[in-house]
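*Asks:* Chains as they are written, first to last, in our numbering: chain A, 2 to 444; chain B, 2 to 444; chain C, 30 to 539; chain D, 30 to 539.
Note that CB positions come from ideal geometry on N, CA and C, so glycine has one too.
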Amino acid sequence: MTPFDRADPAPPATGCADTPPVLRERGQHAVFCGLTGIIWLHRKMRDAFFLIVGSRTCAHLMQSAAGVMIFAEPRFATAILEEQDLAGLADANDELDRVVDRLLARRPDVKTLFLVGSCPSEVIKIDLARAAQRLSRRHLPTTRVLAYSGSGIETTFTEGEDACLASLVPEMPATKAGSLLVIGSLPDMVEDQFARLFAAMGLEDTAFLPAREAFALPAVGPGTRVLMAQPFLAATAKALEDRGAVVLSAPYPFGAEGTEAWLRAGAEALGVSPDHITAAIAPGKARAAKALASAREKLAGRSVFFFPDSQLEIPLARFLAREMGMRLIEVGTPYLHRRHMAAEMALLPDGVTLSEGQDVDRQLDRARAARPDLTVCGLGLANPLEAEGLATKWSIELVFSPIHGFEHAADLAELFTRPLTRRALLAHAQDQSTRGPEPCASS
Amino acid sequence: MTPFDRADPAPPATGCADTPPVLRERGQHAVFCGLTGIIWLHRKMRDAFFLIVGSRTCAHLMQSAAGVMIFAEPRFATAILEEQDLAGLADANDELDRVVDRLLARRPDVKTLFLVGSCPSEVIKIDLARAAQRLSRRHLPTTRVLAYSGSGIETTFTEGEDACLASLVPEMPATKAGSLLVIGSLPDMVEDQFARLFAAMGLEDTAFLPAREAFALPAVGPGTRVLMAQPFLAATAKALEDRGAVVLSAPYPFGAEGTEAWLRAGAEALGVSPDHITAAIAPGKARAAKALASAREKLAGRSVFFFPDSQLEIPLARFLAREMGMRLIEVGTPYLHRRHMAAEMALLPDGVTLSEGQDVDRQLDRARAARPDLTVCGLGLANPLEAEGLATKWSIELVFSPIHGFEHAADLAELFTRPLTRRALLAHAQDQSTRGPEPCASS
Amino acid sequence: MRLTVWTYDGPPHVGAMRVVTAMRGVHYVLHAPQGDTYADLLFTMIERRDRRPPVTYTTFKASDLGADTAALFKETARAAYERFRPQAMIVSPSCTGELIQDDPGGLAKALDLPVPVIPLHLNSYQRKENWGAAETFHALVRGCCRGRTYEPKPAGARPTANILGPAALGFRHRDDQVEVRRLLGLLGIDVAVTAPWEASPADLARLPEADFNVVLYPEVADTAAKWLSRTFRQPFTRTIPIGLNATRDFLREAAELAGVDPAPALAAVEAEARMPWYSASVDSTYLTGKRVFIFGDATHAIAAARVASEELGFEVCGIGTYGREFARDVRAAAERLSLEALITDDMLEVEEAIAAARPELVLGTQMERHIAKRLGLPCAVISAPVHVQDHPARFAPQMGIEGANVIFDTWVHPLMMGLEEHLLTMFRDDPEFHDEAAPSHLGPAAPAPVAEDTADAALAWAADAEQELKKIPFFVRGKARRNTERFAADHGLSTITIETLYDAKAHFGR
Amino acid sequence: MRLTVWTYDGPPHVGAMRVVTAMRGVHYVLHAPQGDTYADLLFTMIERRDRRPPVTYTTFKASDLGADTAALFKETARAAYERFRPQAMIVSPSCTGELIQDDPGGLAKALDLPVPVIPLHLNSYQRKENWGAAETFHALVRGCCRGRTYEPKPAGARPTANILGPAALGFRHRDDQVEVRRLLGLLGIDVAVTAPWEASPADLARLPEADFNVVLYPEVADTAAKWLSRTFRQPFTRTIPIGLNATRDFLREAAELAGVDPAPALAAVEAEARMPWYSASVDSTYLTGKRVFIFGDATHAIAAARVASEELGFEVCGIGTYGREFARDVRAAAERLSLEALITDDMLEVEEAIAAARPELVLGTQMERHIAKRLGLPCAVISAPVHVQDHPARFAPQMGIEGANVIFDTWVHPLMMGLEEHLLTMFRDDPEFHDEAAPSHLGPAAPAPVAEDTADAALAWAADAEQELKKIPFFVRGKARRNTERFAADHGLSTITIETLYDAKAHFGR
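Below is the structure:
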């Protein structure tokens, strides 16, 4: 498979008879492309470097989306295509070799170099997969060169991570041993927490993909049970299945309920007894319940509207509806993978509108009409909606923050309560100022 | 002697037949009191602490003169006298003991504690010398307690350092050995340079007072030859003479000429041959000559007016007149010690007006009438004079900066050229702006 | 005796200097030794004034004490009058002058100068700078209004107000009064006299003509405003227009005193103010609940607490003042926030309180900037005493509409920005983009190590718990440590484990 | 291909967005894939705008490429018109759009919409953001002025000018135009139209009515101003009023174009400006000769060099721009300072140049803030691209009288203050008040280690010389090291001794 293959665009729905109706929309999308995943991937994999082959727009996207806030020299760069590169593709390959040589000479510490395809490189059909093979031959054993596409004509936002991880799967060593593999980038702290929990259940050798060092890949084989920590990893899951692994179906580890179900799915697949699991998760589960109680007071009964962004929308909506008591008005997702979302969709309350794809203007019309208490949306929409009087939660934060597992269930809830708290605080104060003057001066 | 004795207020002029006329003035002084010396003394002596016994004004002076710019907790504090302290002096002593106990409990690293008298403590006659003896008995061997007065009714500005160093002299161990003792606080870097130069002449054991650790005092005795690095140390010099030392007469080490004469006076007194001295100082002397040449171009022929400040005025005026070719209009000094200034006054050009003491309003009238090219004055006068169109050099910088010796002769000159350079730069630019508009936009 | 490292207030005669230096046509003869002349540089250097303060010091010496210091005073006062020809003079001893008991007031009176000479009684061993300023301003107002009587204002005239309080060396006094003048303009109220700022004794004599007084800084103007109120039935405003809510309140209060409609002015605030949008815009969400410690003069501390909690969504975790004269007001403000006010002028006590509160932001004076720096905390300055850098060239009021904009920028600037906080949270072990990095928009700097002492010696952290604590980003780590230790203490635990850490987190919330 | 870590300029269609987002009544239909919609957040987050940019993206996908992307464009453009009802539209492909060669201009024309539709040709693989802004503004001005002809102005009317250039996401455009409007007011000149800032297509059509144009940002307005000059005989100003000298020049230039007397306005500058006094006051003496490195867009880099050298007394030790369109002007400015201009958009080249120059202050863009932080150098921002923090709530112009005040505060702030420098020099070994301490008025921070590499590998420092070098305060140590090494190299020395250090000091001066 080339790195530009993506998951089957419409796999048959499985195991979920009463799925809610889905509004499929076509129109302007307002979602990041897959390149954006590099913002966290280049920080997570400390020996990796990401070279986007694209336009000035790609470079500008990368620094505008988050880059200007990161002061260290990032472990990503863009090989910007110029007029002459568009003419002859053979030359473009020479140019690419030259750029990669210069880059690796400057950064000899890079052990995995990802060539990342973009819209322009896809449209003019530069074959980065072949280029990666050629360059790998040249730079191994020091540096492995891989390729994937983060182009916005093929991937949305988090699908970039999927394509990246999928490109790693063929490189993973084979194993026959039975063990658990958690896939999806997690904050280091969260990864440690899960590792501790699984270890408490006797699963000491639980592996994570991506690892903090991309070069040290975990092994995979028929004994591997894959637990998805993020919902957007269809291509990676499929690639692991191609290597013989079994992908487990479970809700995602958001909120106490999701975390418990997710941990159980992983542990049970490796033969841990339910009682053992119950004992291991008891303290964390109790803490989560306690910590979530006050958030629930602030959120219960409030309505929420999700614009499509990261594919985390459905699991998060499930958490907000079931554990926080919120009313779901519309849950937009850029892309709905029914199989990997089956366990989540089964938990959604009746009557929720799911939407897939986007016509941003019409969706804005719906949001304005519904006037939800909270709107979860991207950074391009958040301030305009705030200015219209709607409280918003910027969705990209949900990808960056530690929100998985028991210990962060309340942090996750807090991301949704905070905008409401803030609005209440500021509005209250302004009302208050109709009081008489403060007794500031006296003696 | 008590720490509050000061040098003879009017010693007979010695060895200087043709001294210039001195304008003695009486009126408002605008000069710091002796407390201010603590600003550099508490930094120079790293194991010392200065406890001012005074009023809120003393505390405010200390932090306003330089304190707010020093972020670390300073090694000085004020025991502020309050209404009840004014009533009974016995109580005041108890109070002082209490404050010192609390202070030393908090700062057990303090090895020398100076009790510093102020205007109020002098007027109500708190006997700090006796208090110091009492407290020393209590806190030795950990902490030695000494006392001196920095009060503004008895000392001006740099006389505070004199009183402080004088209080150290009785504590110095005795010696019969012949060696050189340099007195006066110097920046560490300058102290190192002088030590290197004397070592090059074979005077490896040249000592400095104050040392960087106040507790480790140099020895003194009949073999000691005292070289004054600062002109304002009359009481210290006298105290050293009382211990048998011989105080050398020399110009002060400002400028190439002063530095050479000063080094020679010290080295010759210890029996170093003139040729040896000449050889040792040759490289530094050559460097100073070279470095001073360009400053002379900027200063020669310009006039300068000194307001009284640190008693450095006469040596600096000598340097500016003889090496920089400046015209001296008036050289004010808060206090003129004719013996210690004899070698300097002999070098002053004819016709200079010296003034001692101050009537600041009348002196301002004279400065305004003379419109000097450069006015050297304190921080209270500098900006007002600048606003009247007179270029000024703030004099306190001359006490803080490394300006002694060959390597800093040009730095000293630069302190005087810089205000002139700046005025020229800014004025020139404003004239320039009568040119046509800049060609900023084109193509 | 009081052991003092740094002082917040200078001596009372410095307060007197702040008043006369702001004014025109007044001269101050101070019976003081030469060291006291340092005070000139406060004005010429820290505030960059282009004139010497109008002060003549007698600069007596030890040798004068035996002789006739009273004669020295008279001679100095006469010479000062001859040279400066002021419209009025004030005279007083400084702290040392008080001790020699020469009675400058009586001596000056004996000179029979052709202008009012007002003696000040400043009690240097009891009182301090702000009190001295208030007393001096009061004395000058009384002295200059002598002989004036209450006259009812003619009906139908345009309403007028005086602005009272701006003095030399204040915190943003220069610009606050410009902004407040603009606010009064929005209400259609003319400003009769601003004082002491650039007012002459003749201007002070006109004070009773205005309809009411606007007190900008009670520390300076409260005493005088009360006297004017008693004597000439002039009401005065009590709201300090710092922050937009207080600005709205101020407009309503002034409108009521002037008998005008505040609505157009209030509408102008809504139209012009940028701070509400900056505070509501989503990048500011992360400001919510940040714990701030506030210390300063009473006026600015109380105002800062209101702005912090109502307009920026911070949580005030400590408030205090060095101004004992207004302690009651600060205590009341603290009570509204369920806090106990810290009333002290001992900087070491303030340091202890800040260290114990472990705030995420300190709002204070130059002294708290010292403290915050030592503790590795972000800090913004909200009150005198301040640094030369806090007398900026640019227009930088704290009051009114633009003042609120300035406050937003100034208080938010020291903090790490929102998205940056999250990146740090996610990848704090990254060798290049790590936890010890300073906020990216600040200078070439890494934060000083935050003081991380365990408060309670009876508690021990297990090694893995200490390790886990270090995974929490530094800007909230102090709070996490404090909460965990409090939780352990409350539950009688002697060792803190990872479980304790997370139990405490669940207990206290984020 | 060009290897790029950070970019100064975005793609040209972002320049187009900056123009239409600043305007009212214009809509932009961009033929682009979904990823390009990121550009919205530049405006809503970095500039905190409360509205979405007026841009509709076709967001074509891979699957559309086989189908009919042209139809998608037409459908999108028609829907956008229906929804937003703009007075005018612009259309263009983004970089990916260019590759599929759909001709949005032709397609839009075929829709026959009832408003002008202006196609842009932005050459995404050759051109960049500022060029795109200038081209877009020019195209809009031409499009909206179609059919207008030159009409002589009636004699005796009050002079009028347009202000051209302020756009969205610019560096302080919001506030500069307010200040420039005030300057024109001082001259008695009315502002007819400001564009693109809040101008509608109808406003653009009125541009030819003014007497002349004020070009604030040549990067945006130069092309349009030249076209207006050719077409309607409208002269335009060439002075950018950043700094007081340039402000004076600007007033003279505008006065001449308007036929009025500049004297009253010039007098107002002298009366109101605080920057000259702040720069002349003695605490600023230490600024003299500080070596600054300047990089930014051409307009701000050239202006900064003039302000730095003429008004603050700095020494400019390097100047450059990423704006190749105005390279000639920057080269000329560099030549006046006896420097060679650095013309590059490669941030790594800029970093090398700064490291080699070892300046004491960097004035640059957000990118130079990255660089300065890494090199441990103080930095102030003078040009786009900038951070969210450089779009402040408070009034913060760079131009005119208040702009000069703002510049003084902003550029001086990162530096150690004068007296503090001297205390450091004297006692730099003091354990409490040491060399690695940050400037006392800056945050809880210690400066990052200054890069202290020896430039020339053939040189060795003797241990005691290295020791002696360390006694020099860090803020001038870089220069001392550079001078000493240059001296050693020039004199063929291979080892640097203490004597070499002092010989070099004597040779180069301080």
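Would you call Arg-424 of chain B buried or exposed, if buried means 16 or more other Cβ atoms sit within 10 Å of its Cβ?
*Replies:* Numbered from its first residue, the second sequence carries residue 424 of chain B at position 423. Looking at its Cβ environment, which holds 16 or more other Cβ atoms inside 10 Å, Arg-424 of chain B is buried.
*Asks:* Please identify, using Cβ separations under 9 Å, the residues of the segment 495 to 516 of chain C that lie next to chain A, in order along the chain.
*Replies:* Residues passing the 9 Å Cβ filter: Glu-497, Lys-500, Ile-501.
*Asks:* Mapping DSSP to helix, strand and coil, what is Ile-154 of chain A?
*Replies:* Numbered from 1 along the first sequence, position 153 holds the residue referred to as residue 154 of chain A. It is coil, neither helix nor strand.
*Asks:* With C-beta atoms as the reference, is Trp-226 of chain C less than 8 Å away from Val-170 of chain C?
*Replies:* Against the third sequence, residue 226 of chain C aligns to sequence position 197. Against the third sequence, residue 170 of chain C aligns to sequence position 141. Contact flag unset, no.
*Asks:* Could you give the C-beta distance for Ile-404 of chain B and Leu-413 of chain B, rounded to a whole number, given that I count them as a contact under 8 Å?
*Replies:* What you label residue 404 of chain B is simply residue 403 of the second sequence in a count that begins at 1. What you label residue 413 of chain B is simply residue 412 of the second sequence in a count that begins at 1. Ile-404 of chain B to Leu-413 of chain B, Cβ: 4 Å. Contact.
*Asks:* Compare the C-beta of Arg-288 of chain A against all C-beta atoms of chain C and say whether one is closer than 8 Å.
*Replies:* As a first step, residue 288 of chain A must be located in the first sequence, where it is residue number 287. With 8 Å as the cut-off, Arg-288 of chain A counts as an interface residue toward chain C.
*Asks:* Beta carbon of Ala-45 of chain C, beta carbon of Thr-165 of chain C: below 8 Å?
*Replies:* For the purposes of this step, residue 45 of chain C is taken as residue 16 along the third sequence, with counting starting at 1. For the purposes of this step, residue 165 of chain C is taken as residue 136 along the third sequence, with counting starting at 1. In contact: Ala-45 of chain C and Thr-165 of chain C (Cβ atoms closer than 8 Å).
*Asks:* List the DSSP bridge partners of Pro-62 of chain D.
*Replies:* For this step, residue 62 of chain D is matched to residue 33 along the fourth sequence. According to DSSP, Pro-62 of chain D bridges with D:Phe-89.
*Asks:* Figure out for me which residue from C:Arg-78, C:Asp-65, C:Pro-133 has the closest Cα to the Cα of Thr-98 of chain C.
*Replies:* The count along the third sequence starts at 1 and reaches residue 98 of chain C at position 69. It is C:Pro-133 whose Cα lies nearest to the Cα of Thr-98 of chain C.
*Asks:* Please classify Tyr-179 of chain D: is it buried, with 16 or more other beta-carbons within 10 angstroms of its beta-carbon, or exposed?
*Replies:* Your numbering for residue 179 of chain D matches position 150 in the fourth sequence. It counts as exposed.
*Asks:* In chain order, which alpha helix (DSSP H) runs of at least 4 residues are fully inside the segment 204 to 251 of chain A?
*Replies:* For the segment 204 to 251 of chain A, whole alpha helix (DSSP H) runs of length 4 or above, ordered along the chain, are 235 to 243.
*Asks:* Does Pro-122 of chain D come within less than 8 Å of chain C when only Cβ atoms are used?
*Replies:* Working through the fourth sequence from its first residue, we reach residue 122 of chain D at position 93. No, because no Cβ of chain C sits closer than 8 Å to the Cβ of Pro-122 of chain D.
*Asks:* Can you give me the Cβ contacts of Phe-437 of chain C inside the same chain, cut-off strictly under 6 Å, excluding the 5 residues immediately before and after it?
*Replies:* What you label residue 437 of chain C is simply residue 408 of the third sequence in a count that begins at 1. Counting only Cβ-Cβ distances below 6 Å, and skipping sequence neighbours, we find Met-304, Tyr-307.
*Asks:* Under DSSP, the alpha helix (DSSP H) around Asn-434 of chain D begins and ends at which residues?
*Replies:* Taking the fourth sequence and counting its residues from 1, one reaches residue 434 of chain D at position 405. Counting along the chain, the alpha helix (DSSP H) containing Asn-434 of chain D begins and ends at 429 to 441.
*Asks:* Helix, strand or coil, according to DSSP, for Ser-122 of chain A in the structure here?
*Replies:* Residue mapping note: residue 122 of chain A aligns to position 121 of the first sequence, counting from 1. Correct three-state label for Ser-122 of chain A: helix.
*Asks:* According to DSSP, which residues form a beta bridge with Thr-422 of chain A?
*Replies:* By one-based count along the first sequence, residue 422 of chain A stands at place 421. Looking at the DSSP assignment, Thr-422 of chain A forms no beta bridge with any residue, so it has no partner.
*Asks:* Please list the segments of the beta strand (DSSP E) lying wholly inside the segment 276 to 359 of chain A, counting only runs of 3 or more residues, in order along the chain.
*Replies:* As far as the segment 276 to 359 of chain A is concerned, its whole beta strand (DSSP E) runs of at least 3 residues are 304 to 307, 328 to 334, 354 to 358.
*Asks:* Provide the residue span of the beta strand (DSSP E) that contains Asp-219 of chain D, from first to last.
*Replies:* Within the fourth sequence, the letter at position 190 stands for residue 219 of chain D. Its beta strand (DSSP E) spans residues 219 to 224.
*Asks:* Pick out whichever of A:Phe-255, A:Val-248, A:Gly-153, A:Thr-79 has its Cα sitting closest to the Cα of Tyr-67 of chain D.
*Replies:* In the fourth sequence, residue 67 of chain D corresponds to position 38, counting from 1. Here the closest residue by C-alpha is A:Gly-153.
*Asks:* Less than 8 Å between CB atoms is the rule here; does Pro-473 of chain C satisfy it with respect to chain A?
*Replies:* For the purposes of this step, residue 473 of chain C is taken as the residue at position 444 of the third sequence. For Pro-473 of chain C, the pLDDT reaches just 46, beneath the cut-off of 50, and the residue's location in the model is therefore unreliable, although a value from the coordinates is still provided. No, its Cβ sits nowhere closer than 8 Å to a Cβ of chain A.
*Asks:* What are the boundary residues of the beta strand (DSSP E) that Trp-395 of chain A is part of?
*Replies:* One-based indexing of the first sequence puts residue 395 of chain A at position 394. Segment 393 to 395, the beta strand (DSSP E) holding Trp-395 of chain A.
*Asks:* Which residues of chain D have a Cβ atom closer than 9 Å to the Cβ of Gln-364 of chain A, listed in chain order?
*Replies:* Taking the first sequence and counting its residues from 1, one reaches residue 364 of chain A at position 363. Result: empty, since nearest Cβ-Cβ is about 13 Å, beyond 9 Å.
*Asks:* If you run the structure through DSSP and keep just helix, strand and coil, what is Arg-277 of chain C?
*Replies:* Within the third sequence, the letter at position 248 stands for residue 277 of chain C. It is helical.
*Asks:* Grab me the residues of Pro-478 of chain D's own chain with a C-beta within less than 8 Å of its C-beta, minus the 5 sequence neighbours each way, in chain order.
*Replies:* If you number the fourth sequence from 1, residue 478 of chain D lands on position 449. With a pLDDT of only 43 at Pro-478 of chain D, under 50, the local geometry of the prediction cannot be trusted, and the value read off the model is given with reservation. Gly-405.
*Asks:* For a quick check, are the C-beta atoms of Val-244 of chain C and Thr-266 of chain C less than 8 Å apart?
*Replies:* Indexing the third sequence from 1 puts residue 244 of chain C at position 215. Indexing the third sequence from 1 puts residue 266 of chain C at position 237. Cβ distance < 8 Å, so Val-244 of chain C and Thr-266 of chain C count as in contact.
*Asks:* So, using beta-carbon positions, are Phe-279 of chain C and Pro-264 of chain C closer together than 8 Å?
*Replies:* Looking up residue 279 of chain C in the third sequence gives position 250. Looking up residue 264 of chain C in the third sequence gives position 235. Their beta carbons are not under 8 Å apart, which means Phe-279 of chain C does not touch Pro-264 of chain C by this criterion.
*Asks:* DSSP on Thr-524 of chain D, reduced to helix/strand/coil?
*Replies:* Locating residue 524 of chain D in the fourth sequence gives position 495, where the first residue counts as 1. It is a strand residue.
*Asks:* Cβ atoms of Leu-187 of chain A and Phe-115 of chain A: under 8 Å apart, would you say?
*Replies:* Translated into positions along the first sequence, residue 115 of chain A becomes position 114. Translated into positions along the first sequence, residue 187 of chain A becomes position 186. For Phe-115 of chain A and Leu-187 of chain A, no; Cβs fall outside 8 Å.
*Asks:* Rounded to whole angstroms, what's the CA-CA distance from Ala-413 of chain C to Ala-401 of chain C? Just pull it up for me.
*Replies:* The residue labelled residue 413 of chain C in the question sits at position 384 within the third sequence. The residue labelled residue 401 of chain C in the question sits at position 372 within the third sequence. So the alpha carbons of these two residues sit roughly 16 Å apart.
*Asks:* Would you say Pro-34 of chain C reaches chain B, if we count a Cβ-Cβ gap shorter than 8 Å as a contact?
*Replies:* Locating residue 34 of chain C in the third sequence gives position 5, counting from the first residue. One detail in the question is off: residue 34 of chain C reads as Val in this sequence, not Pro. So, interface residue.
*Asks:* If contacts are defined as beta-carbon pairs under 8 Å, then Cys-378 of chain A and Thr-393 of chain A qualify, I think. What distance do you get, rounded to the angstrom?
*Replies:* Translated into positions along the first sequence, residue 378 of chain A becomes position 377. Translated into positions along the first sequence, residue 393 of chain A becomes position 392. Yes, they are in contact, since the Cβ atoms of Cys-378 of chain A and Thr-393 of chain A sit about 6 Å apart, within 8 Å.
*Asks:* For the candidate residues D:Ala-239, D:Pro-270, D:Ala-332, whose alpha-carbon lies nearest to that of Arg-211 of chain D?
*Replies:* What you label residue 211 of chain D is simply residue 182 of the fourth sequence in a count that begins at 1. Ranking D:Ala-239, D:Pro-270, D:Ala-332 by Cα distance to Arg-211 of chain D puts D:Pro-270 first.
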